[in-house]
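First up is the structure itself, then whatever we jot down about it.
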Amino acid sequence: MSPTPDDRPAPERTLAEINADIRCLFARAEGRLSDAERIRHAALLQEWAAAMRASVVPAA
18 MSPTPDDRPA PERTLAEINA DIRCLFARAE GRLSDAERIR HAALLQEWAA AMRASVVPAA
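Residue numbers (the working numbering): 18 to 77.
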């Protein structure tokens, strides 16, 4: 059984905060990510996806 919206933990950061981190990562790297930055980017994308899922309101 999948969790209901009330069972899901609230994301710690907003989508805007996560998106800002992603943008800053690319700005600092001038569009070319190192291996460590790629790992950070992947983690940020996972965090962003989780925050997106948490923000979805199910249809009535």
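Beta carbons are placed, not taken as given, at the ideal position from N, Cα and C, and that holds for glycine. If you're wondering where the values come from, they're calculated on a predicted model, not measured in any experiment.
DSSP state of residue i mapped onto helix, strand, coil
i     : result
ALA77 : coil
ARG55 : helix
GLU64 : helix
Neighbourhood of residue i by C-beta distance below 8 angstroms, restricted to the same chain and skipping five residues each side
i     : result
TRP65 : LEU32, ILE35, ASN36, ILE39
LEU61 : ILE35, ASP38, ILE39, LEU42
Selection from the options that minimises the alpha carbon distance to residue i
i     : options             : result
ARG30 : ALA76, ALA77, GLN63 : GLN63
Range of the contiguous alpha helix (DSSP H) that encloses residue i
i     : result
GLU34 : 32 to 46
Contact set for residue i: own chain, Cβ-Cβ below 7 angstroms, skip 5 residues either direction
i     : result
LEU50 : HIS58
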